[in-house]
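Colleague: Numbering of the sequence shown is given in our numbering, commencing with residue 31 and proceeding in unit increments.
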Amino acid sequence: MKKVIALLIAGSVVLNYSFAQETLQSVTDRGSITTNPITLSVGSGDEVLRLHRSSGFIAGYNNAGSVRNGYLEFGNAGTGTGVGGDGNNPVSLVTKGLIRAIVLPDGNVGVGTTSPVEKLHVMGNIRSEGLVRFYTPYVDAGGTSGIVANPNGWTRIDPNGGRFIMTVFKEDVEAARNILDIERVDTWQKLMELKADGSGFFQGNIGIGTTTPQSKLAVNGNITTKKIKVTQIGWPDYVFDSSYQLPSLSHVETFITENKHLPEVPSAAEVKKDGLDLGDTQVVLLKKIEELTLYIIQQNKEITELKKRVSDIEVKQPQ
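Below, the structure written as structure tokens:
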């Protein structure tokens, strides 16, 4: 009997020792539950896979430390479901052995490039079947962005710090609203505006056929129009004032003989060099027409007087 009891005690010790040497890190309840992470090690003992008990992730290890080179997380309290990695390793999407998209440790995302320099860097074409919107909370005078837009309809075009504002509205707004408005942010000076009724405003010189306009409108070429209206001060109605000194015809004749053009009218050489001011030319031409009218009136009086004298002489002569 004593031998049987001793044998049972020895067997119990052996069984307890065997169950104490569990291979899955303190597995309980017949191997279905573990209170510690399950790890898989190969070779030197470095972990290559770990199933964590509390955070809900599968992590890959191929180094001796605790840094995870890559992992999958499911329902993690901090990050939710995700794919990631620790340290300075990026996360990549690979097809046919090539990296198609990548997320760097600093958060930059690259599509078609493995070295994105912005939060989203796409090397290739982008296609959208809907609207593309860029939002910013406000527009200010700082920054060097290329294009910035906000929900109020303002778009900032900012090439290399140029800072301009362009506003574009829908085509069905009332006529008083601007559909295109360009102005400087630093001075808020309007440079151009177009309204829904077709009217508009432009600041500065405008060139058509030329890149160096020297006036508000410079056209290098022909202009076809039905009407031109010139507002000019100094209109020569003063010629008909009684105090106006009408030049004598002999003076005009002498000037023409010496200069080969009328007084106050630019010469051909001057027009070729400096061009012709339409408003000033109209003033001068009208002045010459008014002076010519006075000459004609004056000569008509003289002719009438001569005719009267001739008629009187003929009457006095005997038949």
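We put the CB at the ideal spot given by N, CA and C, even for glycine.
A quick note: this is a predicted structure, and the numbers were derived from the prediction, not measured.
Taking its Cβ as the centre, do 16 or more other Cβ atoms sit within 10 Å of Asp-227, making it buried, or is it exposed?
Modeller: Counting from one through the sequence shown, the residue named residue 227 turns up at place 197. Counting Cβ neighbours within 10 Å, Asp-227 comes out exposed, since fewer than 16 surround it.
Colleague: How about Ile-132 and Thr-143: are their beta carbons less than 9 angstroms apart?
Modeller: Within the sequence shown, numbered from 1, the residue matching residue 132 stands at position 102. Within the sequence shown, numbered from 1, the residue matching residue 143 stands at position 113. Result yes, Cβ atoms of Ile-132 and Thr-143 sit closer than 9 angstroms.
Colleague: Taking only three categories from DSSP, how would you classify Gly-41?
Modeller: As a working mapping, residue 41 is identified with position 11 in the sequence shown. The predicted position of Gly-41 is uncertain, since its pLDDT is 46 and thus under 50; a value taken from the coordinates is nonetheless stated next. DSSP places Gly-41 in helix when its eight states are reduced to three.
Colleague: Between Trp-265 and the rest of its own chain, which residues show a CB-CB distance below 7 angstroms, the 5 nearest in sequence each way excluded?
Modeller: For the purposes of this step, residue 265 is taken as the residue at position 235 of the sequence shown. For Trp-265, where only same-chain residues beyond five positions count, the Cβ hits under 7 angstroms are Val-313.
Colleague: Please determine, among Val-345, Ser-245, Leu-322, Thr-334, the residue with the shortest C-alpha to C-alpha distance to Pro-277.
Modeller: In the sequence shown, residue 277 corresponds to position 247, counting from 1. Taking only the C-alpha atoms, the option nearest Pro-277 is Leu-322.
Colleague: What three-state label does DSSP hand Ser-245 in the structure shown?
Modeller: To locate residue 245, count along the sequence shown from 1; it is residue 215. In the structure shown, Ser-245 sits in coil (DSSP, three-state: anything other than H, G, I, E or B).
Colleague: According to DSSP, simplified to helix, strand and coil, what is Arg-130?
Modeller: In the sequence shown, residue 130 corresponds to position 100, counting from 1. Strand.
Colleague: With C-beta atoms as the reference, is Lys-126 less than 9 angstroms away from Val-139?
Modeller: For this step, residue 126 is matched to residue 96 along the sequence shown. For this step, residue 139 is matched to residue 109 along the sequence shown. In this structure, Val-139 does not lie closer than 9 angstroms to Lys-126 by Cβ.
Colleague: Please determine, among Glu-332, Glu-320, Asn-252, the residue with the shortest C-alpha to C-alpha distance to Val-269.
Modeller: Within the sequence shown, residue 269 is the residue found at index 239, counting from 1. Checked all of Glu-332, Glu-320, Asn-252; the closest Cα to Val-269 is Glu-320.
Colleague: With a CB to CB cut of under 6 angstroms and the five nearest residues on each side skipped, what residues in its chain are close to Ile-238?
Modeller: For the purposes of this step, residue 238 is taken as residue 208 along the sequence shown, with counting starting at 1. Cβ neighbours of Ile-238 beyond the five flanking positions: Val-249.
Colleague: Please name the residue, chosen from Tyr-325, Thr-240, Val-260, Glu-294, that lies closest to Asn-252 on a Cα-to-Cα basis.
Modeller: In the sequence shown, counting from the first residue as 1, residue 252 sits at position 222. The option with the nearest alpha carbon to Asn-252 is Thr-240.
Colleague: Skipping 5 residues on each side, what residues in its chain have a beta carbon closer than 8 angstroms to that of Glu-294?
Modeller: Here residue 294 refers to the residue found at position 264 of the sequence shown. Correct list, in chain order: Val-314, Lys-317, Lys-318.
Colleague: Taking its Cβ as the centre, do 16 or more other Cβ atoms sit within 10 Å of Pro-348, making it buried, or is it exposed?
Modeller: Start at 1 with the first residue of the sequence shown, and residue 348 comes out as number 318. Its Cβ having fewer than 16 others within 10 Å, Pro-348 is exposed.
Colleague: Is it right to say Pro-146 is buried, meaning 16 or more other beta carbons lie within 10 angstroms of its own, or is it exposed?
Modeller: The residue you call residue 146 lines up with position 116 of the sequence shown. With 16 or more Cβ atoms within 10 Å of its Cβ, Pro-146 is classed as buried.
Colleague: Once the 5 residues before and after Tyr-351 are set aside, which same chain residues still bring their CB inside 8 angstroms of it?
Modeller: Residue numbering for the chain in the displayed model covers 31 to 349; residue 351 lies beyond these limits and cannot be assessed.
Colleague: Start and end of the alpha helix (DSSP H) containing Glu-294?
Modeller: Position 264 of the sequence shown, counted from the first residue, corresponds to residue 294. Per DSSP, Glu-294 belongs to no alpha helix (DSSP H) and is neither H nor E.
Colleague: When you compare only the Cα positions, how much space is there between Ser-341 and Val-282?
Modeller: Reading the sequence shown from its first residue, position 311 is the one you call residue 341. Reading the sequence shown from its first residue, position 252 is the one you call residue 282. Their Cα atoms are separated by approximately 32 angstroms.
Colleague: Of all the CB atoms in chain B, is at least one closer than 9 angstroms to the CB of Lys-220?
Modeller: In the structure shown, chain B does not exist; there is a single protein chain.
Colleague: Which whole-angstrom value describes the C-beta separation of Ile-236 and Lys-246, a residue pair presumed to lie in contact below a C-beta threshold of 8 angstroms?
Modeller: Counting from one through the sequence shown, the residue named residue 236 turns up at place 206. Counting from one through the sequence shown, the residue named residue 246 turns up at place 216. About 7 angstroms; that satisfies the 8 angstroms criterion.
Colleague: Return the bridge partner residues of Ile-286 from the DSSP annotation.
Modeller: On the sequence shown, position 256 is the one that residue 286 refers to. For Ile-286, which the question treats as bridged, DSSP gives no partner whatsoever.
Colleague: If you reduce the DSSP assignment to three classes, tell me which class Lys-337 lands in.
Modeller: By 1-based counting over the sequence shown, the position of residue 337 is 307. Helix at Lys-337.
Colleague: Run through DSSP, which three-state label would Asp-304 get?
Modeller: Numbered from its first residue, the sequence shown carries residue 304 at position 274. The answer is helix: DSSP assigns Asp-304 an H, G or I state.
Colleague: Is the CB-CB distance between Leu-306 and Pro-296 below 9 angstroms?
Modeller: Taking the sequence shown and counting its residues from 1, one reaches residue 306 at position 276. Taking the sequence shown and counting its residues from 1, one reaches residue 296 at position 266. In this structure, Pro-296 lies closer than 9 angstroms to Leu-306 by Cβ.
Colleague: Starting from Ile-236, trace the beta strand (DSSP E) in both directions and tell me its first and last residue.
Modeller: The sequence position of residue 236 within the sequence shown is 206, counting from 1. Counting along the chain, the beta strand (DSSP E) containing Ile-236 begins and ends at 236–238.
Colleague: Look at the alpha carbon of Ile-129 and the alpha carbon of Pro-243, and state the distance between them as a whole number of angstroms.
Modeller: On the sequence shown, residue 129 is found 99 positions in, with the first residue counted as 1. On the sequence shown, residue 243 is found 213 positions in, with the first residue counted as 1. When rounded, the distance between both Cα atoms is 52 angstroms.
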